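Basically our numbering = 1-based index in the sequence shown + 2.
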Amino acid sequence: MMIVSRTPLRVSFFGGGTDYPEYFARARGAVLGMGIDQYVYVAALRLSTILDYRYRVSYSRMEQVTELDQIQHPVVREAIRLYGYDRPLDISIMADLPARSGLGSSSSFAVGFINLIFALQGRGATKMDLAREAVRIERDVLQENVGVQDQHHAAFGGLNRFDFEGGRTRISPIQMTAPCQDALNSSLFLVYTGMTRFASATLGEQMEKTKSGAADKDLSHLLALVDQAQTVLESNDPEAMLRDFGAMLHEGWETKKRLSSKVSNPHIDSLYAQARAAGALGGKLCGAGAGGFLLMLVPPERQAAFRAGMEGHSIIPIALDTVGATILKG
3 MMIVSRTPLR
13 VSFFGGGTDY
23 PEYFARARGA
33 VLGMGIDQYV
43 YVAALRLSTI
53 LDYRYRVSYS
63 RMEQVTELDQ
73 IQHPVVREAI
83 RLYGYDRPLD
93 ISIMADLPAR
103 SGLGSSSSFA
113 VGFINLIFAL
123 QGRGATKMDL
133 AREAVRIERD
143 VLQENVGVQD
153 QHHAAFGGLN
163 RFDFEGGRTR
173 ISPIQMTAPC
183 QDALNSSLFL
193 VYTGMTRFAS
203 ATLGEQMEKT
213 KSGAADKDLS
223 HLLALVDQAQ
233 TVLESNDPEA
243 MLRDFGAMLH
253 EGWETKKRLS
263 SKVSNPHIDS
273 LYAQARAAGA
283 LGGKLCGAGA
293 GGFLLMLVPP
303 ERQAAFRAGM
313 EGHSIIPIAL
323 DTVGATILKG
């Protein structure tokens, strides 16, 4: 029997950086973002014990090993160990968009693989369980330099605000009208920078500034934008909502660049300026920085000019995922 999990990638709009325990352990953290209609898929097939290998793991490389400790993929290895799954497995990992591109793919995979292991074990789990277990594996077991918003966006999907205070996480779905939600869904685009990166490698300077308090002013501003953005998104005028939201994205991007010298570079700055000149109201680089995708907000009436102005670049329209982490087959 094959089981397939599907987990959304995410875009974070505001509050990124305040979702690190190094920050919200001493101050309130909050983020606003959404799961998108681009996914990570993990398929698992129970293997016969007569084969001469116990685990086969297919992703950007192929692993075929006889012992758990021989698996090189860290999340696969440690999740199987942590949850005590003792059957041989053939595991295939697929995604709609490339990894290391700022869309939270590593956390989406962690959530999806945990969901799959629990399904194989016949074990029930809420979406909050999945998010917390993914945080546990990434931060506690693997000691990855990651925040905690990606796991929650991946597990829950939807357009949500997450507040982090000490050990408590509170979810608040954004209450949009249908016209405003339709306007947002039809106005979001990813523009590929042509560069991928490891998030942990770009975060050293930012984390030092976070721990020392040197980034507190900018992080407080990004936190304030979460409150403002929720009000804007929950308004009734789609045209005004897009205008104000686009301006806020631009403001947030200018603030985010001050968190670390590694967030942006001349190529990213030039591409972002080109996108705004072509008609985007605002945007930001997704994820930790240094590469991946730009998220740009372009109202429908500006999209023809935007596509013409961005000719030669990969442009991907995205919309809201409303399901979150799910099992497709069982």
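Beta carbons: idealized from backbone N, C-alpha and C, even for Gly. Quantities reported herein were computed from a predicted structural model and do not represent experimental measurements.
Asked: Three-state secondary structure (DSSP) of LYS213; Found: helix
Asked: Pairwise C-alpha distance: SER266 and TYR194; Found: 14 Å
Asked: According to DSSP, residues forming a beta bridge with GLY31; Found: PHE166
Asked: Nonlocal neighbours in the same chain, by C-beta distance under 8 Å from TRP255, ignoring five residues either side; Found: TYR274, GLY284, GLY285, LYS286 and LEU287
Asked: Status (buried if at least 16 other CB within 10 Å, exposed otherwise) for HIS154; Found: buried
Asked: C-beta contact flag for ILE93 and ALA27 at 7 Å; Found: no
Asked: Collapsed DSSP secondary structure at GLY159 in the structure displayed; Found: coil
Asked: Whether GLU207 touches LYS264 by CB criterion (7 Å); Found: yes
Asked: Start and end residues, alpha helix (DSSP H) containing ASP184; Found: 180 to 187
Asked: Touching by the beta-carbon criterion (3+ pairs, under 8 Å), the segment 32 to 44 and the segment 222 to 231; Found: yes
Asked: Range of the contiguous alpha helix (DSSP H) that encloses TYR87; Found: Counting along the chain, TYR87 falls outside any alpha helix (DSSP H), and DSSP gives it neither H nor E.
Asked: Three CB pairs or more closer than 8 Å across the segment 106 to 123 and the segment 64 to 84; Found: yes
Asked: LEU49 (DSSP reduced to helix, strand or coil); Found: coil
Asked: Residue closest to LEU297, alpha-carbon to alpha-carbon, out of GLU241, ARG245 and ARG12; Found: ARG12
Asked: Sufficient close CB pairs (3 or more, under 8 Å) joining the segment 311 to 331 to the segment 158 to 167; Found: yes
Asked: Exposure of PRO268, with buried meaning 16 or more beta-carbon neighbours within 10 Å; Found: exposed
Asked: Unbroken stretches of the beta strand (DSSP E), 3 residues or longer, contained in the segment 269 to 315; Found: 284 to 287 and 295 to 299
Asked: C-alpha gap between LYS258 and LEU84, whole angstroms; Found: 36 Å
Asked: Close Cβ partners of MET64 (< 8 Å) along its chain, the five nearest in sequence each way excluded; Found: ARG58
Asked: CB contact below 7 Å: GLU210 versus chain C; Found: Looking at the structure shown, chain C is missing, and only one protein chain is on hand.
Asked: Backbone secondary structure at ARG138 - three-state DSSP; Found: helix
Asked: Residue interval of the beta strand (DSSP E) (run including GLU65); Found: 64 to 67
Asked: Counterpart residues of ASP92 in DSSP-defined beta bridges; Found: LEU47 and ARG58
Asked: TYR25 and THR212 closer than 7 Å at C-beta; Found: yes
Asked: Extent of the continuous alpha helix (DSSP H) to which SER108 belongs; Found: 107 to 123
Asked: Cutoff 6 Å; reference ASP165; Cβ partners in own chain excluding five residues on either side; Found: ALA32 and ARG172
Asked: GLU135 versus ILE329: straight-line alpha-carbon distance, rounded; Found: 17 Å
Asked: Continuous beta strand (DSSP E) stretch holding PRO319: start and end; Found: 317 to 319
Asked: Cβ pair PHE5, TYR61 closer than 7 Å; Found: The question names Phe, but residue 5 is Ile in the sequence shown. Contact flag unset, no.
Asked: Within 7 Å, strictly: CB atoms of ARG156 and SER103; Found: The question names Arg, but residue 156 is Ala in the sequence shown. No, the Cβ-Cβ distance between ALA156 and SER103 is not below 7 Å.
Asked: Sheet register partners of MET4 (DSSP bridge); Found: LEU47
Asked: Where GLY254 sits in the DSSP three-state scheme; Found: helix
Asked: Outcome for GLN151 when other beta-carbon atoms lying within 10 angstroms are tallied against a minimum of 16; Found: buried
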